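Visitor: To start, I am sharing the structure in question, which I have written as structure tokens.
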Amino acid sequence: MKTTQEIRQDFLDFFRDRGHTVVPSATLVPASDPTLLFTNSGMVQFKNVFLGSEKPNYVRAVDVQRCLRAGGKHNDLDQVGYTARHHTFFEMLGNWSFGDYFKRDAILWAWELLTGVWGLAPERLLVTVYHTDDEAFGIWRDEVGVPVERIVRIGDNKGAPYASDNFWQMADTGPCGPCTEIFYDHGAHVAGGPPGSPDEDGDRFIEIWNLVFMQFDRQPDGTLLPLPAPCVDTGMGLERLAAVLQHVHSNYEIDLFQHLIKAAAALTATDDLAHGSLRVIADHIRACAFLVADGVLPSNEGRGYVLRRIIRRALRHGWMLGVRGAFFHRMVEPLVAEMGQAYPELVTRRDTIEAALGAEEARFAETLDAGMKVFEEVAARAGDTRTLAGEEVFRLYDTYGFPVDLTADIARERGLGVDMAGFESAMQAQRERARAASQFGGAITLPSELASSLPPTRFEGYDSHVGQARVLAILSEGRALDVLDSGDAAVLILDATPFYAESGGQVGDHGVLLADGVRFVVEDTQKLSGTFHGHVGRLESGVLKVGDAVSARIDLTRRQAVVLNHSATHLLHAALRKVLGTHVQQKGSLVAPERLRFDFSHFQPIGHAELLEIERLVNAEIRRNAAAEIHHMAMQDALDFGAMALFGEKYGDEVRVLRMGEFSTELCGGTHVGRTGDIGLFKIISEGGISAGVRRIEAVTGENALNHVAEEERRLAEAAHLLGTTGDGMTEKLRQLFERQKRLEKELEAIKAKAAAGAAGELAQGAVDFGDFRLVAARLDGLDPKALREAVDRLKQQLGDAVVVLASGEGGKAALVAGVNGAAMGQVKAGELVAHVAGQIGGKGGGRPDLAQGGGSDGPELDRALSQVADWLSARLAKA
């Protein structure tokens, strides 16, 4: 029996022997299409070839493409675990011809591989063709020898011309053509009919290979023109094929999945290997591991959110199997053993994958446990409606952090519905409450009638810091003015400006607008309606009118400081990806004159050595003094140029690309240095986490970096002076001080213990008889909670049957420890006693029946509270 690995290799070898170039799988993150969530078919990496914008150095190709369908238009996530053939991650085998061979060779080779190499019985195979594709029909019938009763013509079965299961098109216009599909017949004992029949959705006939023949160029009016160089695009799902070749009905029964399912069963202590949750875990580990390997980390948006959702779905299925600890990240090891040979990146990035999954697993553990308990309560209240109330689902989401899609998934398994309209209503109400409560308002708005009458602001600030302009509009408190008087604040719109408007993380420029007797101080520059630059400030002198000419001058010193920081953020981003991995992606930034702030995806704190290496790489590029080149080009050309684009960002037809040597190439509309050496020096001043999976680095450049280094040196010199040593001797001096401190702390503890023992002896002599036991309630100032506990324990031993409460006050705070022993145990609880005393001094306390502690404020109330313990005990005993 062929293993999955052998089938994968057979396919590549077969077509390599027939002149095809083996092309590596593209990543799950489409490199040349930021609008596409994931690579969901073999076509994605060859899209530009078919569109004619890319010319490969081969005309025949073969590949095994990893694909993901778990978000966006193509989403199989909700089906996984319930069917025999749905997966989030799958592998697509494909052979391709770019203007070389066509239908005859594609069909003959497909048949040869299936029946000759893999030995499938010809009578088990059925084929379909587009109803007008007589050429393909003839090849199947006359050259391959398929009986006509096993060749099915499929027409336009989707309600429009050329809308057919057997006609493929990339879009409404462009390359398209008929396809022929090969089906495997599982036999009459399996329910279902052939394709094109009323029973075609059954499991008897399973599509295993689709051969697409791109021979037309569809025009806007719907007509089809012949392509000058017809192409072939084929796709065959590896998992489906393996099920056929291994003589099993479900994809989850093939060797690859059985090994993963057994590993999941061992980790979850599950005996039933057919359990649906094991299938989910086995499927999801492939998707999650490859996503992390391809640079995606769990987050609350875009691709990261899809990954988070898949991880949490797997964790929930582990929870259903009784797992209450971390397990999912341990599935990486068996996955690497199973697929590492075909995908070496799994091996090289194993540590990163395990760390990322483990961090998300730990983060979700408490949420899952609490959320499942509340879900059970919500489900119980569904009653006869069999529907979870929208407000309840929102409470699960808002209060317990339980994702709504996870709630819907669980509800589906229980046969329950979800009131999504009610959920959305509750969500909208929360948004409105947040908006009403927000302290931030007054965003600058441009009246629509004014916006439609003005030309867009012409930005001239890339090349100049001074410019001549005309005032097109004056805005104040949302109203358009004709005249602005001295002392008044306003927003001015000019026809042209050197002032950069805040965007892309870069702050807006400051400066002045000048005319005869007029001085308008610009305190900020903001974009209005996307196309206008709003100069925010105040008229210091003169009178300004719409139509006046002004000289616009930016604060050049401030701009230059901003420029250094902005260029440095690009170098920092590149350095982070080199040191931490390609999963690092920008999540936000602030480029101000005094510092830069860069937020990025990463799953754990950055070590000191890593920070030093990141800083070293950036400064090495600064010393290299590479030119910072600006290029304007089409979006696709920019991606081909190597520029990074962020998923979800909207880009125009033409984009601006910043390239700094061979180190960094990114899309950017900001202002930058001429050469990297202009930055001077780069210094990281802080690193930390700001949310799950997102870290933040703050840094300074240029003169600010020099000032930071000088300040650090001053502090070191001051510290060395205080220690009575030089900078070189500080480490040894500090080590000696710490060792001395530890010795003194041990000596102090011994002294306190001795004092506590002596005090306990004196207090025991003054204990008050209280029926069956004796009471001690006193202060022992100068003792910490540990010493107080030792004193309480010693008193309990000395007195036998006793109730003891001791307090210590220092620095305005009081510590309390209470103990109960012997005959008193059945009458008094230490936790209740210490809670009572702590309550008298504005604090809290609690603990076990025999020993408890608390705290509060030191002062006269503490002495009063201790003196009233006897009265409290008397009242408690009287009630008993």
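Following this note's numbering, the numbering of the sequence shown begins with 83 at its first residue and continues without gaps.
Positions of the beta carbon are idealized from the N, C-alpha and C atoms, including for glycine.
In this text, all values refer to a predicted model and were calculated from it rather than measured experimentally.
1. Do Asn-177 and Val-326 have their beta-carbon atoms positioned less than 9 Å apart in this structure?
2. Going by the CB atoms, is the gap between Leu-133 and Met-252 shorter than 9 Å?
3. Compare the C-alpha of Arg-445 against each of Gly-422, His-411, Val-475 and name the closest.
4. If the criterion is Cβ atoms closer than 9 Å, does the pair Glu-442 and Arg-398 meet it?
5. Answer yes or no: do Pro-257 and Asp-299 have a C-beta to C-beta separation smaller than 9 Å?
6. Alpha helix (DSSP H) containing Ala-461: first to last residue?
7. Quick one: what's got a C-beta closer than 6 Å to Glu-474's C-beta in the same chain, skipping five residues either side?
8. Nearest CA to the CA of Gly-756: which residue from Glu-769, Arg-741, Glu-748?
9. Alpha carbon to alpha carbon, how far is Leu-478 from Pro-485? Give it in angstroms, no decimals.
10. Write down every uninterrupted run of the beta strand (DSSP E) in the segment 200-258 whose length is 3 residues or greater and which is fully enclosed by it, in chain order.
11. So, for Val-294: in the same chain, excluding its five sequence neighbours on each side, which residues have a beta-carbon less than 6 Å away from its beta-carbon?
12. If you run the structure through DSSP and keep just helix, strand and coil, what is Pro-310?
13. Given a cut-off of 9 Å, decide if Leu-557 and Pro-537 are closer than it, judged by their beta-carbon atoms.
14. Going by alpha carbons, who is nearest to Thr-607 out of Glu-335, Leu-888, Arg-635?
15. Should His-714 and Val-776 be called a contact, given that it needs their Cβ atoms to be closer than 9 Å?
16. Can you list, in chain order, the residues of its chain with a C-beta nearer than 8 Å to that of Phe-287? Leave out the 5 residues immediately preceding and following it.
17. Starting from the Cα of Phe-409, find the closest Cα among Ala-437, Arg-431, Glu-383, Val-388 and give me that residue.
18. Enumerate in chain order the residues of its own chain whose CB-to-CB distance from Phe-646 is below 8 Å, with the five nearest sequence positions on each side excluded.
19. Whose CA, out of Phe-93, Glu-225, Arg-601, lies closest to the CA of His-102?
20. Span of the beta strand (DSSP E) holding Asn-789?
21. For the structure I just gave you, are there three or more beta carbon pairs, one from the segment 591-608 and one from the segment 621-635, closer than 8 Å?
22. Between the Cα of Gln-588 and those of Arg-142, Arg-679, Leu-574, spot the shortest distance and give me the residue it belongs to.
23. When burial is assigned at 16 or more other CB atoms within 10 Å of the CB, is Leu-826 buried or exposed?
24. Taking only runs of the alpha helix (DSSP H) that begin and end inside the segment 338-381, which ones reach a length of at least 4 residues, in chain order?
25. If Glu-263 and Thr-210 are in contact, beta carbons under 8 Å, what's the gap, nearest whole angstrom?
26. According to DSSP, Leu-915 sits in a beta bridge with which residue or residues?
27. Under three-state DSSP, which class holds Asp-863?
28. Between the Cα of Ile-189 and the Cα atoms of Gly-163, Arg-223, Leu-877, Pro-138, which residue gives the shortest distance?
29. Use the C-beta contact count for Glu-605: other C-beta atoms within 10 angstroms, 16 or more gives buried, fewer gives exposed.
30. What are the boundary residues of the beta strand (DSSP E) that includes Leu-557?
31. State the Cα-Cα distance for the pair Thr-85 and Ala-270, rounded to the nearest angstrom.
32. Is it the case that the Cβ atoms of Glu-744 and Ala-709 are separated by a distance below 9 Å?
33. Could you tell me which residues DSSP puts in a beta bridge with Arg-757?
34. Taking Cβ positions only, does Asp-303 come closer than 9 Å to chain D?
35. Would the beta-carbon of His-329 fall within 9 Å of that of Met-83?
Guide: With the structure as the only source:
1. No, the Cβ-Cβ distance between Val-326 and Asn-177 is not below 9 Å.
2. Cβ atoms of Met-252 and Leu-133: closer than 9 Å.
3. It is His-411.
4. Between Glu-442 and Arg-398, the CB-CB gap reaches or exceeds 9 Å.
5. It is a contact, given that the beta carbons lie within the stated cut-off.
6. According to the DSSP assignment, Ala-461 belongs to the alpha helix (DSSP H) that extends over 432-462.
7. Here the set comprises Val-460.
8. For the residues Glu-769, Arg-741, Glu-748, the minimum Cα distance to Gly-756 belongs to Arg-741.
9. Note on geometry: alpha-carbon atoms of Pro-485 and Leu-478 lie some 8 Å from one another.
10. Runs found: 207-212, 233-236, 249-251.
11. Trp-250, Cys-261, Asp-315.
12. Assignment of Pro-310 by DSSP, reduced to helix, strand and coil, places it in the strand class.
13. Between Pro-537 and Leu-557, the C-beta spacing is not below 9 Å.
14. Taking the Cα of Thr-607 as reference, the smallest distance to any Cα among Glu-335, Leu-888, Arg-635 is reached at Arg-635.
15. Cβ distance not < 9 Å, so His-714 and Val-776 don't count as in contact.
16. Excluding residues within five positions, the ones whose Cβ falls inside 8 Å are Leu-208, Phe-265, Tyr-266, Asp-267, His-268, Gly-274, Gly-275, Pro-276, Pro-277.
17. Looking from the CA of Phe-409, the closest CA among Ala-437, Arg-431, Glu-383, Val-388 belongs to Ala-437.
18. Looking at the sequence itself, residue 646 is Leu, so the reference to Phe does not match. Answer for Leu-646: Val-755, Asp-760, Ile-761, Gly-762, Thr-783, Gly-784, listed in chain order.
19. The shortest Cα separation from His-102 among Phe-93, Glu-225, Arg-601 belongs to Phe-93.
20. First-last for Asn-789: 784-805, but that is the alpha helix (DSSP H), not the beta strand (DSSP E).
21. Enough Cβ pairs lie closer than 8 Å, so yes.
22. Of all alpha-carbon atoms in Arg-142, Arg-679, Leu-574, the one lying nearest the alpha-carbon of Gln-588 is that of Arg-679.
23. Per the 10 Å Cβ criterion, exposed.
24. Qualifying alpha helix (DSSP H) stretches, in chain order: 358-375.
25. Right, their Cβ atoms sit about 5 Å apart.
26. According to DSSP, residue pairing for Leu-915 in a beta bridge does not occur.
27. Shown here, Asp-863 sits in coil according to DSSP, grouped into three states, outside any helix or strand.
28. When the alpha-carbon of Ile-189 is set against those of Gly-163, Arg-223, Leu-877, Pro-138, the nearest one is in Arg-223.
29. Exposed.
30. For Leu-557, the enclosing beta strand (DSSP E) covers residues 548-558.
31. One C-alpha to the other measures close to 27 Å.
32. No; because the gap between Cβ atoms is not below 9 Å, this pair is not in contact.
33. BP columns for Arg-757 point to Ala-709.
34. Among the chains of the structure shown, chain D does not appear; only one protein chain is present.
35. Cβ distance < 9 Å, so His-329 and Met-83 count as in contact.
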